[in-house]
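For the numbering used here, count along the sequence shown from 1 and bump the result up by 9. We put the beta carbon where it would ideally sit given N, CA and C, even for glycine. If you're wondering where the values come from, they're calculated on a predicted model, not measured in any experiment. Beneath this line is the structure, given in structure tokens, with notes to follow.
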Amino acid sequence: MRAVVIEAKGEQARIVEGDEVELLAAVAEDATVELDVSYSSYNYKDGMAIAGRGILRNFPAIPGIDIVGVVTKSGSSDWSVGDEVVLNGDGIGELLPGGFATRARVRPDALVRLPMGISAHRAAAIGTAGFTAMIAALKLEDGGVRPEDGDVLVTGAAGGVGSIAIAVLASAGFRVIASSGRKDAQGDYLRWLGASEVIDRRELSEEIAKPLQSERWAGAIDSVGSTTLVNVLAQTKYDGVVAACGLAQGPDLLGTVLPYILRGVTLTGANSVNAPRELRERAWAALAERLDLEKLDALTQTIGLAETNPYASQILAGQVRGRTVVDVN
Ligand code: NDP
């Protein structure tokens, strides 16, 4: 077994080739399914884990909040040897050993069968970011937001969640406005993904304007939080829905109740880590149906385990575009 291991809090991540029992010792008792890992992917949280920013709770730790792999041993009647599965969150790469490893032992309940037509590499490219974007898009739709209601906004647009949010919303017929700090450098990319317009994120991120502003958005997917989210809520139309899923700008939310009580705006959340099984299966089925896989390929890059360390500073600095697969083998 080969894995990226962080031995203790504050220590540098390094690649360890070792006794798999030793490396898997910290897994939960109910982690009864063993996998050969094919791919993981690189998410913002993995950057935080490798940079020592408080994501990892148990040491020695293996980062990687996504796994795509093949079942090699199963203590669950739901899974058999040879099944191809995908796992996003459920505590791996945070509380439990994660996907930056050639083998893993995981809990059966959060596993999803690899959807027909999606290869292991593409499932990793979708990863937690794409899975979260899809959950957020479903939250908008479940909240009653329809393409005829008007524009929908995606913030953090050139990032992993944002890129896939644009693609799935556009494929569902929405007119998508992308908010990005890289409007000039990534504008063509964002329009190619499906955005109808690209706005400079400074319109939203610099300062909180009035508590109620001109109504612009029928819905929004926000991976940024903070001042940006406060302004997005203040610009959301009557009965609109905003799905918050990230905090790339910050975790604060210093707004007022006015958007909710005067415009009936709904602020909902998208959480991939603890998503129940039905939602996992629904989101993956929707991704398989809606996501243009050739677009996915074009927004994906692949790195090896050895590159996971230097990559942390890039993703934390917001320099990464789209999705990054980690080929663990
Ligand atoms: P990425 O780093 O790929 O994308 C984040 C994007 O946010 C950047 O590309 C940038 O987009 C924008 N951004 C970065 N810094 C700032 C800033 N200071 N102010 C405003 N915008 C900024 O990360 P992911 O897409 O993987 O994740 C995005 C967020 O979602 C993270 O906070 C992550 O922790 C969270 N997340 C939550 C999940 C959940 O289950 N709720 C699951 C997955 C992710 P641009 O350059 O276009 O402006």
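Limits of the unbroken beta strand (DSSP E) element including residue i
i, result
"TRP226", "226 to 231"
"LEU276", "275 to 278"
"ARG11", "11 to 14"
Nearest-angstrom Cα separation, counted from residue j out to residue i
i, j, result
"THR317", "ALA17", "18 Å"
"GLY153", "LEU105", "37 Å"
"ALA187", "LYS82", "44 Å"
"THR141", "ILE76", "15 Å"
"ASP45", "ILE101", "15 Å"
"MET334", "ILE270", "The residue asked about is misnamed: residue 334 is Val in this sequence, not Met. Approximately 43 Å, taken between the alpha carbons."
"ALA252", "GLY264", "16 Å"
"ILE127", "TRP201", "22 Å"
"ASN338", "ARG11", "8 Å"
"ALA176", "GLY273", "27 Å"
"GLN323", "THR311", "14 Å"
"ALA181", "PRO156", "8 Å"
"ASP306", "ASN97", "19 Å"
"THR245", "ARG112", "45 Å"
"ARG299", "GLU20", "41 Å"
"THR309", "ALA134", "6 Å"
"ARG114", "ARG62", "25 Å"
"ILE217", "GLU224", "15 Å"
"ARG211", "VAL163", "14 Å"
"LEU221", "PHE183", "24 Å"
"VAL329", "GLY27", "31 Å"
"SER86", "PRO117", "9 Å"
"ARG122", "LEU147", "20 Å"
"GLY159", "LYS219", "22 Å"
"ASP193", "GLU215", "18 Å"
"CYS359", "GLY107", "Outside the shown range of the chain, which is 10 to 338, sits residue 359, and nothing can be said about it."
"GLY169", "GLY84", "34 Å"
"LEU314", "THR41", "25 Å"
Local Cβ density within 10 Å of residue i, reported as buried at 16 or more and exposed below that
i, result
"ASP231", "buried"
"GLU38", "exposed"
"SER50", "buried"
"TYR48", "buried"
"ASP99", "buried"
"ASN342", "In this structure the chain extends from 10 to 338, so residue 342 is not present and cannot be described."
"ARG286", "exposed"
"ARG23", "exposed"
"GLU303", "exposed"
"MET125", "exposed"
"GLY1", "Here the chain comprises residues numbered 10 to 338, so residue 1 is not present and cannot be evaluated."
"ASP261", "exposed"
"ALA292", "buried"
"ALA326", "exposed"
"GLY165", "buried"
Range of the contiguous alpha helix (DSSP H) that encloses residue i
i, result
"ARG114", "Looking at the DSSP string, ARG114 is not in any alpha helix (DSSP H); the run it does join, the beta strand (DSSP E), is 112 to 115."
"TYR51", "First-last for TYR51: undefined, no H or E at that position."
"VAL239", "235 to 243"
"THR333", "No alpha helix (DSSP H) contains THR333, which is instead part of the beta strand (DSSP E) from 332 to 336."
"GLU287", "286 to 299"
"GLU303", "302 to 307"
"ALA318", "For the sequence presented, residue 318 should be read as Asn rather than Ala. First-last of the alpha helix (DSSP H) with ASN318: 317 to 325."
"LEU271", "267 to 272"
Residue i: CB within 8 Å of a non-hydrogen atom of the ligand MG
i, result
"GLY331", "This structure simply doesn't include the ligand MG; it includes the ligand NDP instead."
Next item on the list: Can you check the stretch 139 to 210 for any alpha helix (DSSP H) of at least 4 residues that lies completely inside it and give the ranges in chain order?
Entry: Those alpha helix (DSSP H) runs which fall completely within the stretch 139 to 210 and span 4+ residues are 169 to 180, 192 to 202.
Checklist line | Inside the stretch 17 to 103 only - alpha helix (DSSP H) runs reaching at least 4 residues | finding: Entirely contained in the stretch 17 to 103, the alpha helix (DSSP H) runs reaching 4 residues are, in chain order, 29 to 33, 53 to 59.
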